[in-house]
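Structure first, then comments.
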Amino acid sequence: MTLVTALAMSGGALTAATAPASAGEQCTPHVTRSYAQTGSSWWQIAASGTVKNGKAQQVRETVTFSNSGTHSTSASAEVGVSVSTVVAEINAKTSFSVDKSVSYTKGRSTTIVVGPHSTVHYKIGTKKRKFLVTIKRTYSNCKVTDSYGTVTAADRTTETS
Numbered sequence: 538m539t540l541v542t543a544l545a546m547s548g549g550a551l552t553a554a555t556a557p558a559s560a561g562e563q564c565t566p567h568v569t570r571s572y573a574q575t576g577s578s579w580w581q582i583a584a585s586g587t588v589k590n591g592k593a594q595q596v597r598e599t600v601t602f603s604n605s606g607t608h609s610t611s612a613s614a615e616v617g618v619s620v621s622t623v624v625a626e627i628n629a630k631t632s633f634s635v636d637k638s639v640s641y642t643k644g645r646s647t648t649i650v651v652g653p654h655s656t657v658h659y660k661i662g663t664k665k666r667k668f669l670v671t672i673k674r675t676y677s678n679c680k681v682t683d684s685y686g687t688v689t690a691a692d693r694t695t696e697t698s
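Residue numbering for the sequence shown follows the numbering used here, beginning at 538 and increasing consecutively.
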């Protein structure tokens with residue numbers, strides 16, 4: 538039960554300040570989400586191969602994508618926010634850089650540059666990154682609850698070795 542202790546007109550909006558019925562602790566209600574990667578795998582490999590450079594200052598090789606595809610980030614309903622918000626939070630709170638959607642078009646190309654006396658093995662495509670999302674809710678009475686959701690995120694990736 539909550540008691541209304543003050544009523545005020547503010548900029549045309551009616552606002553009420555409330556106090557708890559008992560002298561208990563009060564908190565500002567809020568929700569935070571944290572993301573932990575639980576797995577990753579290739580969703581699509583658009584191009585892969587090896588570039589060797591024996592003695593040249595550098596070798597530039599044009600690589601053409603061998604297939605097309607689009608992959609999108611999704612979140613379970615428990616996460617409770619838009620995919621745009623999920624992508625922004627993962628990028629801000631983790632070391633990953635994911636996208637709302639990643640597309641590759643067959644026939645498009647990119648360039649691989651290799652320094653002297655080097656061999657580069659490469660894969661270009663989309664990684665599927667799985668995240669466990671912990672949703673922490675703090676209520677006005679300071680009660681805290683945890684719930685969980687999942688995210689499958691599209692990560693535009695170039696791996697070299």
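Idealized CB from N, CA, C, for every residue including glycine.
DSSP beta-bridge partners of residue i
{"i": "Ile661", "result": "Ala584, Thr695"}
{"i": "Glu598", "result": "Ile649"}
{"i": "Ser577", "result": "Arg666"}
Nearest candidate by alpha-carbon position, reference residue i, set the options
{"i": "Ala573", "options": "Ala690, Val650, Gln595", "result": "Ala690"}
{"i": "Ser638", "options": "Asn590, His608, Thr575, Thr599", "result": "His608"}
{"i": "Asp683", "options": "Gln563, His567, Glu696", "result": "His567"}
{"i": "Lys660", "options": "Gly591, Gly617, Ile649", "result": "Ile649"}
{"i": "Ser655", "options": "Ser585, Gly591, Gln563, Ala583", "result": "Gly591"}
{"i": "Thr695", "options": "Tyr641, Thr569, Leu669, Pro653", "result": "Tyr641"}
{"i": "Thr587", "options": "His658, Gly561, Val618", "result": "His658"}
{"i": "Val688", "options": "Val635, Ala593, Thr569, Ala583", "result": "Val635"}
Residue i - DSSP class collapsed to helix/strand/coil
{"i": "Lys592", "result": "coil"}
{"i": "Thr637", "result": "Looking at the sequence shown, residue 637 is not Thr but Lys. Reduced to three states, the DSSP call for Lys637 is coil."}
{"i": "Lys643", "result": "coil"}
{"i": "Val618", "result": "coil"}
{"i": "Lys680", "result": "coil"}
{"i": "Glu562", "result": "coil"}
{"i": "Val623", "result": "helix"}
Beta carbon of residue i nearer than 7 Å to that of residue j
{"i": "Thr610", "j": "Ser646", "result": "no"}
{"i": "Thr601", "j": "Lys667", "result": "no"}
{"i": "Asn604", "j": "Lys630", "result": "no"}
{"i": "Thr671", "j": "Ser571", "result": "yes"}
{"i": "Val681", "j": "Val596", "result": "no"}
{"i": "Lys673", "j": "Trp580", "result": "no"}
{"i": "Gly686", "j": "Glu615", "result": "yes"}
{"i": "Val624", "j": "Ala612", "result": "no"}
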